[in-house]
Ligand code: SF4
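Chains as they are written, first to last, in the numbering used here: chain A, 1 to 470; chain B, 471 to 691.
Structure, rendered in structure tokens:
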């Protein structure tokens with residue numbers, strides 16, 4: 001029987017199954033401070049242990065301030081971080097704390113540490129666990145009860161085998177276009193519920209041409225289309241990720257050879273078919289900008305704010321509520337919308353390549369007057385690397401703030417927040433109401449587009465800025 | 471977990487699509503490390519006047535509720551079944567969203583559209599907390615919503631034993647068949663702790679672990 005990539009990974013993790021449910025073994029469990037305290041409490045109450053502490057890894061990211069990581073002033077944030085430290089000590093789980101040199105957003109450090117491997121199952125109490133699917137892992141977010149379940153049993157119950165959704169991305173990205181534009185265009189095309197219940201496999205020449213960083217950006221936002229997980233079959237680019245740079249926990253030597261031989265078989269067999277399928281042409285894309293309060297509310301940077309009666313996947317009432325919240329009028333060109341704050345970072349776009357493409361735009365330019373630009377590396381590793389490449393100098397000379405690693409302004413749990421009605425260009429993944437701070441107005445864009453908004457003070461087609469350089 | 475066999479109650483209607491978990495419970499409340507206290511925080515940024523929502527460390531203390539928000543209307547008072555539009559609970563995996571709905575007094579959430587009513591993680595979290603997530607076909611859902619709009623006193627009975635949902639409308643009862651995955655149904659009927667159940671599979675888990683290649687266990691060389 002021909003199998004999809006997903007089938008292969010799913011099948012090798014089945015511990016027990018009946019008609020209605022499957023018990024899956026979970027190879028890697030990633031933990032952060034927000035969704036774990038009640039799970040550890042549950043273990044304590046039931047007198048249970050962590051079954052395989054060597055398969056769980058923790059870090060602190062959501063509550064950590066990015067100006068000075070050590071200075072958590074907010075008592076509730078501090079208590080939450082301290083609870084994780086105490087829980088990891090008590091239950092024997094490895095914690096990558098601030099200043100360890102390895103701390104960062106959980107989905108950025110998993111791959112860096114070599115914990116994320118092709119063909120594995122990876123769970124975390126965080127919906128953006130889909131990021132790790134870029135390596136050909138089956139990776140998905142879970143709730144706190146399930147965090148407790150994995151800690152206790154290293155397994156998780158799943159319903160019936162989920163259906164698959166093949167998303168083929170043909171062509172190639174033009175200069176100035178980024179992986180973020182691909183995934184925003186996909187969500188725009190299929191809707192925020194478009195992949196609900198499905199596991200997506202991204203494939204095609206435009207996906208093959210991407211680095212691991214770019215693939216992670218795409219898989220990261222699978223959840224924004226409602227998908228259970230997003231996956232990309234491993235190839236030379238994937239294998240290079242483990243052979244070119246030392247990944248502390250990845251297999252080495254003979255083990256690595258054996259692993260690579262195995263990873264080469266992880267692909268969808270030729271005649272296998274997906275339950276659903278769409279094709280997107282990367283060559284025809286222009287930079288994407290979200291205008292509303294969910295990530296399917298996306299338009300081209302060259303476009304205008306739509307009429308609320310003409311918004312795909314949204315009723316007129318829903319679209320009117322979004323326009324009102326965003327303070328926008330139909331017919332306004334995107335290029336006339338000013339921004340107050342620019343945030344470059346998050347598990348979507350806080351990796352080294354993202355910072356490089358922002359730096360290309362910032363170099364020799366200044367952040368526009370009245371605009372605040374925050375550049376937040378996704379991990380301590382990314383921060384070190386960016387500094388080694390001198391990117392920090394580019395940002396600081398442009399007048400942007402170069403911060404420490406954390407989730408930062410992706411969500412309002414640490415001091416980096418929008419104030420009511422402030423408008424941001426953000427490289428994160430959610431433009432929900434209040435996501436970056438109560439009343440804040442978020443527009444999702446690529447790192448290059450965010451940098452362009454920072455230097456121009458309004459949304460700008462980054463291709464025009466790049467053309468000035470030629 | 472409290473078993474769910476049958477439940478009869480009044481209904482609150484929130485006819486919005488794509489209600490995300492940031493809306494159900496804003497991120498600042500996720501700083502709580504307790505599993506309780508989330509009821510008053512449900513929809514906090516929609517439910518209270520600006521600046522009058524509770525602080526994370528004092529959920530019971532809040533200012534004036536906004537009278538227009540559907541769950542604040544007098545007819546929603548005391549409702550124990552929440553009726554919502556499609557793709558409810560999309561976005562983050564935070565179980566706090568389910569805790570907030572359940573602790574605000576709801577035993578079931580009824581969403582619009584088969585296989586389209588709930589985001590996956592929210593749905594799983596709901597089952598794990600004994601909150602029944604039910605998806606109705608668009609026509610059944612519309613009939614229910616119409617009945618609620620016609621009379622705010624409409625009651626609904628959900629019978630998990632017989633898999634029916636009955637709308638006790640002004641013109642008599644209307645019975646609809648419902649689907650609940652069998653494993654989840656049994657767990658809800660019996661109020662089972664799913665970890666205890668899983669640990670009965672210990673031998674199978676150990677067998678799987680023995681079959682894993684050694685390089686799958688992370689070690690620092
Ligand atoms: S960066 Fe944002 S989306 Fe990613 S883990 Fe942190 S809060 Fe979640």
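Ideal Cβ positions, reconstructed from N, Cα and C, are used throughout, including at glycine.
> If you count every other CB in all the chains shown that lies within 10 Å of the CB of residue 632 of chain B, and 16 or more means buried, which is it?
Replying inline: exposed
> Listing by chain order, which chain B residues have their CB less than 8 angstroms from the CB of residue 157 of chain A?
Replying inline: 653, 664, 668
>> Does the beta-carbon of residue 107 of chain A, which I'm using as the reference point, lie nearer than 7 angstroms to any heavy atom of ligand 1?
In response: yes
> Would you call the CB atoms of residue 598 of chain B and residue 143 of chain A closer than 8 angstroms?
Replying inline: yes
> If you draw a straight line from the alpha carbon of residue 660 of chain B to that of residue 567 of chain B, how long is it in whole angstroms?
Replying inline: 24 angstroms
> The alpha helix (DSSP H) with residue 219 of chain A in it runs from where to where?
Replying inline: 212-220
> How many angstroms separate the CA atom of residue 421 of chain A from the CA atom of residue 147 of chain A?
Replying inline: 36 angstroms
> Can you tell which of B:591, B:617, B:485 has its C-alpha closest to the C-alpha of residue 158 of chain A?
Replying inline: B:591
> If you follow the beta strand (DSSP E) that residue 290 of chain A is part of, which residue opens it and which one closes it?
Replying inline: 288-290
>> Could you check if residue 328 of chain A belongs to the surroundings of ligand 1, using beta carbon to heavy atom distance under 7 angstroms?
In response: no
>> Check for me: the alpha helix (DSSP H) holding residue 37 of chain A runs from which residue to which?
In response: 37-46
> Per DSSP, residue 99 of chain A is paired with what?
Replying inline: None, per the DSSP bridge assignment.
>> Please report whether the beta-carbon of residue 432 of chain A lies at a distance below 8 angstroms from any beta-carbon of chain B.
In response: yes
>> Let's test the definition: count the other Cβ atoms within 10 Å of the Cβ of residue 354 of chain A and tell me whether it reaches 16, buried, or not, exposed.
In response: buried
>> Nearer than 7 angstroms: is that true of the beta carbon of residue 411 of chain A relative to any heavy atom of ligand 1?
In response: yes
>> Tell me which residues of the stretch 9-25 of chain A have at least one Cβ-Cβ distance to chain B shorter than 7 angstroms, keeping chain order.
In response: 15, 16, 20, 21, 23, 25
>> Counting only beta-carbon separations shorter than 8 angstroms, does residue 498 of chain B have a partner in chain A?
In response: yes
> Do residue 117 of chain A and residue 137 of chain A have their C-beta atoms closer together than 8 angstroms?
Replying inline: yes
> When the distance is taken between beta carbons, is residue 155 of chain A closer than 8 angstroms to residue 275 of chain A?
Replying inline: no
> Any heavy atom of ligand 1 closer than 7 angstroms to the Cβ of residue 429 of chain A?
Replying inline: yes
> Counting contacts by CB-CB distance shorter than 8 angstroms, is residue 149 of chain A in contact with chain B?
Replying inline: yes
> Roughly how far, in whole angstroms, is the beta-carbon of residue 206 of chain A from the beta-carbon of residue 238 of chain A, given that I think they are within contact range, below 8 angstroms?
Replying inline: The pair is not a contact, with the Cβ atoms about 16 angstroms apart (cut-off 8 angstroms).
> Can at least three beta-carbon pairs, one atom from the stretch 445-463 of chain A and one from the stretch 332-349 of chain A, be found at a separation below 8 angstroms?
Replying inline: yes
>> Counting only Cβ pairs nearer than 9 angstroms, list the residues of chain A close to residue 618 of chain B.
In response: Residues of chain A passing the Cβ test: none, with the nearest at roughly 17 angstroms.
> Any Cβ of chain B within less than 8 angstroms of the Cβ of residue 435 of chain A?
Replying inline: yes
> Can you name the residues of chain A whose CB is closer than 8 angstroms to the CB of residue 501 of chain B?
Replying inline: 34, 63, 74, 76, 77, 79, 80, 413
> Closer than 8 angstroms, CB to CB, is residue 674 of chain B near chain A or not?
Replying inline: yes
> beta strand (DSSP E) containing residue 344 of chain A: first to last residue?
Replying inline: 341-344
> Below 8 angstroms between beta carbons: does that hold for residue 407 of chain A and residue 128 of chain A?
Replying inline: no
>> For residue 517 of chain B and residue 96 of chain A, I'd like the C-alpha separation in whole angstroms.
In response: 38 angstroms
> Closer than 8 angstroms, CB to CB, is residue 228 of chain A near chain B or not?
Replying inline: yes
> Since residue 331 of chain A and residue 305 of chain A are thought to touch, with beta carbons under 8 angstroms apart, how far apart are those beta carbons, to the nearest angstrom?
Replying inline: 6 angstroms
>> Give me the subset of the stretch 535-553 of chain B whose CB atoms are less than 7 angstroms from a CB atom of chain A, sorted by chain position.
In response: none
> Any idea which residues DSSP pairs residue 129 of chain A with across the strands?
Replying inline: Answer is none; residue 129 of chain A lacks a bridge partner.
> Is any heavy atom of ligand 1 found at a distance shorter than 7 angstroms from the C-beta of residue 128 of chain A?
Replying inline: yes
>> Beta carbons nearer than 9 angstroms to chain B: which residues of the stretch 296-320 of chain A have them?
In response: 296, 313, 314, 315, 317, 318
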